[in-house]
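The block underneath contains the structure these notes are about, expressed in structure tokens.
Number of protein chains: 2
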Amino acid sequence: MAEALVLFFWEATMTQLELAREGAISAQMEAVAEAEQVNPEAVREGVASGAIVIPANPVHAGLHPCGIGRGLSTKVNANIGTSSDFGDINSEINKLRVAVDFGAHAVMDLSTGGDIPGIRRAVIAASAAPVGTVPIYQAGIEAIERHDAIVKMTADDLFAVIEEQARDGVDFITVHCGVTQSAIARLRQQGRVTDVVSRGGAFLIGWMLYNERENPLYEQYDRLLEIAREYDVTLSLGDGMRPGCLADATDRAQVEELVTLGELVQRARQAGVQAMVEGPGHLPLNQIEANVRLQKSLCQDAPFYVLGPLVTDVAAGYDHITGAIGGAVAAAAGADFLCYVTPSEHLGLPDADDVKLGVIASRIAAHAADIAKGVSRAGDWDMKMSLARKGLDWAEQARLSIDPERSWKVHSRHATAGLACSMCGAFCAMDLVSQNLGIKTTRC
Amino acid sequence: MAEALVLFFWEATMTQLELAREGAISAQMEAVAEAEQVNPEAVREGVASGAIVIPANPVHAGLHPCGIGRGLSTKVNANIGTSSDFGDINSEINKLRVAVDFGAHAVMDLSTGGDIPGIRRAVIAASAAPVGTVPIYQAGIEAIERHDAIVKMTADDLFAVIEEQARDGVDFITVHCGVTQSAIARLRQQGRVTDVVSRGGAFLIGWMLYNERENPLYEQYDRLLEIAREYDVTLSLGDGMRPGCLADATDRAQVEELVTLGELVQRARQAGVQAMVEGPGHLPLNQIEANVRLQKSLCQDAPFYVLGPLVTDVAAGYDHITGAIGGAVAAAAGADFLCYVTPSEHLGLPDADDVKLGVIASRIAAHAADIAKGVSRAGDWDMKMSLARKGLDWAEQARLSIDPERSWKVHSRHATAGLACSMCGAFCAMDLVSQNLGIKTTRC
Chain A
1 MAEALVLFFW EATMTQLELA REGAISAQME AVAEAEQVNP EAVREGVASG AIVIPANPVH
61 AGLHPCGIGR GLSTKVNANI GTSSDFGDIN SEINKLRVAV DFGAHAVMDL STGGDIPGIR
121 RAVIAASAAP VGTVPIYQAG IEAIERHDAI VKMTADDLFA VIEEQARDGV DFITVHCGVT
181 QSAIARLRQQ GRVTDVVSRG GAFLIGWMLY NERENPLYEQ YDRLLEIARE YDVTLSLGDG
241 MRPGCLADAT DRAQVEELVT LGELVQRARQ AGVQAMVEGP GHLPLNQIEA NVRLQKSLCQ
301 DAPFYVLGPL VTDVAAGYDH ITGAIGGAVA AAAGADFLCY VTPSEHLGLP DADDVKLGVI
361 ASRIAAHAAD IAKGVSRAGD WDMKMSLARK GLDWAEQARL SIDPERSWKV HSRHATAGLA
421 CSMCGAFCAM DLVSQNLGIK TTRC
Chain B
445 MAEALVLFFW EATMTQLELA REGAISAQME AVAEAEQVNP EAVREGVASG AIVIPANPVH
505 AGLHPCGIGR GLSTKVNANI GTSSDFGDIN SEINKLRVAV DFGAHAVMDL STGGDIPGIR
565 RAVIAASAAP VGTVPIYQAG IEAIERHDAI VKMTADDLFA VIEEQARDGV DFITVHCGVT
625 QSAIARLRQQ GRVTDVVSRG GAFLIGWMLY NERENPLYEQ YDRLLEIARE YDVTLSLGDG
685 MRPGCLADAT DRAQVEELVT LGELVQRARQ AGVQAMVEGP GHLPLNQIEA NVRLQKSLCQ
745 DAPFYVLGPL VTDVAAGYDH ITGAIGGAVA AAAGADFLCY VTPSEHLGLP DADDVKLGVI
805 ASRIAAHAAD IAKGVSRAGD WDMKMSLARK GLDWAEQARL SIDPERSWKV HSRHATAGLA
865 CSMCGAFCAM DLVSQNLGIK TTRC
């Protein structure tokens, strides 16, 4: 009993990274190993080395821990949250529900409108999935409310918000620590088509230029690490310099920031803090693999969290598809965590249908990549579906589909005379070969 | 005048391949060069070597020639056509219109129900894009109508249908000439999860097994070449052994057939007949590049026409996305022609909305690949869009979008207070950086 209590306090005061380094397999690591059907020791080793993170703030009650990184299945994040024009909490809680129902593994509350702390607390309370935030949004908006300008925010204001959010139970936070004066200098020297497209990055750059100061998240990184360590908040080192169009991809500003993030990953690990790294953005298809390899090398195998990547700029209205193409290629090359992109990206705030389509597109990408990179038993699902397909078992095919309701609805749209679907009708190849021709070769 | 007439008859009796070999740049080659903004001589060289095909049956009045192959932009095909359960001609003509409106470069009429010849003629008359067919469908179905069984079809019946279709003005035909007795032996020896999923392949295999005969399209390939040469019908050498699920991908049956197709490409070229090669199908993401390289090597750079490829089996209802992922990767690796996949693939006959979504998804894939493989000026479109985006010019962004109407509709769904969209509202990074912070670095 006394021993169990000691263990409890020991665990409660250490991060997953520190526990793993001590050789302990935490309940969270056990849960991740169980969910992924891998060896708990492999999870512990991954967490200890920093190649796996488990964003799991002990304050977040009811969390189902989720592992992100080497050897684990590719995860999908759904962004939700209000904007300055649309601040309704209920619609965001509904989006949370839709996102998780369709298989998102994590959500980020990116609210910038309405009661930001209230929405965050409601999202954390309602979410069994890890919840992420971008604290600079709240800090910047409070500075506008109090002082009429983001640039009047103090470093103390920013760290106070970070601590408040950690205390609320946020599991991971995007912090644009690599937006340094030297990255801004690279940006100016480079020249870009779309400059800066990261909201958090833009807030910080505005602040830095006006105040002629270094980024407080960089300058006072140890202060950030202290808060992150205390609450075991996983740092998601943001890419404020991510390219906003293909023409800006893999440029010097982007890579300068990534080099800095590599240093910051190392310092986070030294401080016992879990860290992952965010990545672009808009990238031509033939630059994705290089970007993933560069991140893995510069950041010592830290989990890579990519937004898209979007492989063309012209598909507004269909950027869930653009993002699925890039995400599949990135994850197959080693990216670990896909931030979904919805059909309303570049156009407006997504609604619940957009959230659904965004999650499904990213899950397709993640699953296709998992098969390609040999994630344990990823192909089992496809094998079951293929057997149901061969058997013309439509109910089982629908049940196994990524969206059973839609699968059944599309199949049932046209009535058919036979067993086959309305695509081939009487001339279904599966049916012809199996039923009539006696060359059934099925091996499973 | 007399000279022009001689030239006319000379051109009219030679295929594009023969003309190119003679050093002549035909009107079709000129049109392709103009559309692609490349040198006509490069098109001629590509056609002469067989690395480019221009499916252009002289009988097809009003055709806008379309080049497929090396150095040209990736093309998209949309399958339309009736099935045994749904034989309405008007709905198929409507799908043709939708497909071409949204940017399909070619259509295949795969009708297997209703008045098949009548539908084909209507499609050819209505289509400025090249039209393809799969003649075995009509031949097989006529055999059922006349003799109650596909297996009662004679080789003469099949070649009569091929000639009828060529006479009607079909620009390219899928012919499963590589479904040989030895490929069937490989299939049996291999064992598969989903056996044969090609309808044409299944028709032929049924016929071959019942009649204990070799495939007439292989055995009498010279007879096929004679018809194809006479009408300059481009052969699309079909993949009857294409894998129908990830587990069957890149197996011995598939590769045996591809080896045979390589020989048949060479014989087609020797006979002055244009030929391209069809490819899978269902392929894990990490096998796509190898499949493209294998095809290019075995088939001496013949244009590669891929169906998808689909990178997972589980996404019924969303296979336009699965196909866009595979298609982008295949085309970036060198595939030349993407057969679209609609959201109703594996579930039922597509409707006009499915056709639209399928075409758009494939066009996104093709365009992303064109940027990656350096197709001349492919990135210009993205640059224009990025500049409009940076300028927060919503009308111009909509105009430049792959689907202007949808882009405008999604953007207009939420009213906003400022210039920015409802995603970021007052906190638009582009707006913050450009308008307020004076670090506009735009280089274009």
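Chains as they are written, first to last, in this note's numbering: chain A, 1 to 444; chain B, 445 to 888.
Cβ atoms here follow ideal geometry from the backbone N, Cα and C, with glycine treated the same way.
### Query
By a C-beta neighbour count over all protein chains shown, 10 Å radius and 16 as the cutoff for buried, is A/G379 buried or exposed?
Taking the first sequence and counting its residues from 1, one reaches residue 379 of chain A at position 379. By the 10 Å Cβ count, A/G379 comes out buried.
### Task
Residues of the region 841-861 of chain B with a CB closer than 7 Å to any CB of chain A: list them in chain order, please.
Q841, L844, S845, I846, D847, R850, S851, V854, H855, R857, H858, T860 and A861
### Task
Would you mind giving the Cβ-Cβ distance between A/I141 and A/I116, rounded to the nearest angstrom? I have them listed as a contact below 8 Å.
Taking the first sequence and counting its residues from 1, one reaches residue 141 of chain A at position 141. Taking the first sequence and counting its residues from 1, one reaches residue 116 of chain A at position 116. Rounded, the Cβ-Cβ distance is 7 Å, consistent with contact.
### Task
Please report how far the alpha carbon of A/Q189 lies from the alpha carbon of A/A253, in whole angstroms.
Here residue 189 of chain A refers to the residue found at position 189 of the first sequence. Here residue 253 of chain A refers to the residue found at position 253 of the first sequence. In a straight line, the C-alpha of A/Q189 is about 9 Å away from that of A/A253.
### Task
Check each candidate in A/P284, A/A20, A/D239 and A/C66 and name the one with the smallest Cα separation from A/E34.
Position 34 of the first sequence, counted from the first residue, corresponds to residue 34 of chain A. Among A/P284, A/A20, A/D239 and A/C66, the Cα nearest to that of A/E34 belongs to A/C66.
### Task
Measure the CB-CB distance between A/A333 and A/I288 and report whether it falls below 8 Å.
Here residue 333 of chain A refers to the residue found at position 333 when the first sequence is read from its first residue. Here residue 288 of chain A refers to the residue found at position 288 when the first sequence is read from its first residue. For A/A333 and A/I288, yes; Cβs fall inside 8 Å.
### Task
Please confirm whether A/G118 and A/T82 have their CB atoms less than 8 Å apart.
For the purposes of this step, residue 118 of chain A is taken as the residue at position 118 of the first sequence. For the purposes of this step, residue 82 of chain A is taken as the residue at position 82 of the first sequence. No, the Cβ-Cβ distance between A/G118 and A/T82 is not below 8 Å.
### Task
Just mark B/A873 as buried or exposed, buried being the case when its beta carbon has 16 or more other beta carbons within 10 Å.
For the purposes of this step, residue 873 of chain B is taken as the residue at position 429 of the second sequence. By the 10 Å Cβ count, B/A873 comes out buried.
### Neighbouring residues, chain A, relative to B/M597 (Cβ below 7 Å)
Here residue 597 of chain B refers to the residue found at position 153 when the second sequence is read from its first residue. Here the premise fails: no neighbours, minimum Cβ distance about 13 Å.
### Query
Taking the alpha-carbon positions, what's the B/G645 to B/Y581 distance?
Mapped onto the second sequence, residue 645 of chain B falls at position 201. Mapped onto the second sequence, residue 581 of chain B falls at position 137. Whole-angstrom Cα-Cα distance: 10 Å.
### Query
According to DSSP, is B/G770 helix, strand or coil?
Here the question's residue 770 of chain B lines up with position 326 in the second sequence. In this structure, B/G770 counts as helix in the three-state DSSP scheme.
### Message
Taking 6 Å as the limit between beta carbons, can you name the residues of its chain near B/E701, skipping five residues before and five after?
### Response
To locate residue 701 of chain B, count along the second sequence from 1; it is residue 257. Once the five neighbours on either side are set aside, the close Cβ partners of B/E701 are G622, A627 and M685.
### Task
Provide the residue span of the alpha helix (DSSP H) that contains A/F203, from first to last.
If you number the first sequence from 1, residue 203 of chain A lands on position 203. Its alpha helix (DSSP H) spans residues R199 to N211.
### Query
Helix, strand or coil: how does DSSP classify B/S535 here?
Taking the first residue of the second sequence as 1, we reach residue 535 of chain B at position 91. B/S535: helix per DSSP, three-state reduction.
### Message
Taking the straight line between their C-alpha atoms, what separation do you get for A/L63 and B/L751?
### Response
Here residue 63 of chain A corresponds to residue number 63 of the first sequence, with the count starting at 1. Here residue 751 of chain B corresponds to residue number 307 of the second sequence, with the count starting at 1. Cα-Cα distance, rounded: 42 Å.
### Message
Pull the bridge partners of A/A78 from the DSSP assignment, please.
### Response
For the purposes of this step, residue 78 of chain A is identified with residue 78 of the first sequence, where counting begins at 1. Its beta-bridge partners are A/V107.
### Query
A/Y340 CB to nearest chain B CB: under 8 Å?
For the purposes of this step, residue 340 of chain A is taken as the residue at position 340 of the first sequence. Not one chain B Cβ lies under 8 Å of A/Y340.
### Message
Using C-beta distances below 7 Å, list every residue in its chain close to A/W207, excluding the 5 sequence neighbours before and after it, in chain order.
### Response
In the first sequence, counting from the first residue as 1, residue 207 of chain A sits at position 207. Answer for A/W207: I150, V151 and M153, listed in chain order.
### Task
Determine the burial state of A/D156: buried for a count of at least 16 other Cβ atoms within 10 Å of its Cβ, exposed for fewer.
As a first step, residue 156 of chain A is located in the first sequence; it is residue number 156 there, counting from the start. Answer is exposed; the Cβ neighbour count stays below 16.
### Query
So which residues of chain A does B/P728 contact, with C-beta pairs closer than 7 Å?
Indexing the second sequence from 1 puts residue 728 of chain B at position 284. The answer, in chain order, is I371 and A372.
### Task
Would you kindly work out how many angstroms separate the C-alpha atoms of B/A870 and B/E840, rounded to a whole number?
If you number the second sequence from 1, residue 870 of chain B lands on position 426. If you number the second sequence from 1, residue 840 of chain B lands on position 396. Roughly 21 Å separates the two Cα atoms.
### Query
Under 8 Å between the Cβ atoms of A/G323 and A/Y305?
Looking up residue 323 of chain A in the first sequence gives position 323. Looking up residue 305 of chain A in the first sequence gives position 305. Not in contact: A/G323 and A/Y305 (Cβ atoms no closer than 8 Å).
### Query
Is B/G576 buried or exposed, if buried means 16 or more other CB atoms sit within 10 Å of its CB?
Along the second sequence, one-based indexing puts residue 576 of chain B at 132. It counts as buried.
### Proximity to A/W279 [Cα-Cα], best of A/G238, A/D319, A/A316 and A/Q300
If you number the first sequence from 1, residue 279 of chain A lands on position 279. What sits at residue 279 of chain A in the sequence shown is Gly, not Trp. Taking only the C-alpha atoms, the option nearest A/G279 is A/G238.
### Query
Three-state secondary structure (DSSP) at A/G118?
Reading the first sequence from its first residue, position 118 is the one you call residue 118 of chain A. DSSP places A/G118 in helix when its eight states are reduced to three.
### Task
Let me know if A/Q37 comes out buried or exposed under the rule of 16 or more other beta-carbons within 10 Å of its beta-carbon.
Numbered from its first residue, the first sequence carries residue 37 of chain A at position 37. Exposed, since its Cβ has fewer than 16 Cβ neighbours within 10 Å.
### Task
Report the rounded CA-to-CA distance for A/P343 versus A/A160, giving the unit in angstroms.
As a first step, residue 343 of chain A is located in the first sequence; it is residue number 343 there, counting from the start. As a first step, residue 160 of chain A is located in the first sequence; it is residue number 160 there, counting from the start. Near 35 Å, if we compare the C-alpha coordinates of A/A160 and A/P343.
### Outcome for B/V877 when other beta-carbon atoms lying within 10 angstroms are tallied against a minimum of 16
Here residue 877 of chain B is taken as the residue at index 433 of the second sequence, counted from 1. Classification for B/V877: buried.
### Query
By Cβ distance, which residues of its chain are closer than 7 Å to A/A126, with the 5 residues on each side in sequence left out?
Within the first sequence, residue 126 of chain A is the residue found at index 126, counting from 1. Closer than 7 Å at Cβ, skipping near neighbours: I93 and L96.
### Task
State yes or no: is the beta carbon of A/V233 nearer than 8 Å to at least one beta carbon in chain B?
Counting from 1 along the first sequence, the entry for residue 233 of chain A is found at position 233. With 8 Å as the cut-off, A/V233 does not count as an interface residue toward chain B.
### Task
Compare the beta carbon distance of B/P747 and B/G770 with 8 Å and say whether it is the shorter of the two.
Here residue 747 of chain B refers to the residue found at position 303 when the second sequence is read from its first residue. Here residue 770 of chain B refers to the residue found at position 326 when the second sequence is read from its first residue. Cβ atoms of B/P747 and B/G770: not closer than 8 Å.
### Task
Less than 8 Å between the CB atoms is what I'm expecting for A/M423 and B/D757, so what's the real figure, rounded?
Here residue 423 of chain A refers to the residue found at position 423 of the first sequence. Here residue 757 of chain B refers to the residue found at position 313 of the second sequence. The pair is not a contact, with the Cβ atoms about 16 Å apart (cut-off 8 Å).
### Query
In chain order, what residues of the same chain have a beta carbon less than 8 Å from the beta carbon of A/A85, not counting five sequence neighbours either side?
Taking the first residue of the first sequence as position 1, residue 85 of chain A is located at position 85. The sequence shown places Asp at residue 85 of chain A, not Ala. Contacts found: G113 and L349.
### Query
Taking the alpha carbon of B/A864 as the point to measure from, which residue in B/L844, B/N483, B/D847 and B/K834 has its own alpha carbon closest?
Sequence index remark: in the second sequence, residue 864 of chain B carries index 420 (1-based). If we check each option's Cα against that of B/A864, B/K834 comes out closest.
### Query
Thinking just about the alpha-carbon of each residue, which of A/A415, A/Q295 and A/A228 is nearest to the one in A/T15?
Here the question's residue 15 of chain A lines up with position 15 in the first sequence. Ranking the options by Cα distance to A/T15, first place goes to A/A228.
### Task
Using only alpha-carbon positions, find the residue among B/V637, B/A495 and B/D615 that is nearest to B/G706.
For the purposes of this step, residue 706 of chain B is identified with residue 262 of the second sequence, where counting begins at 1. Out of B/V637, B/A495 and B/D615, B/A495 has the C-alpha closest to the C-alpha of B/G706.
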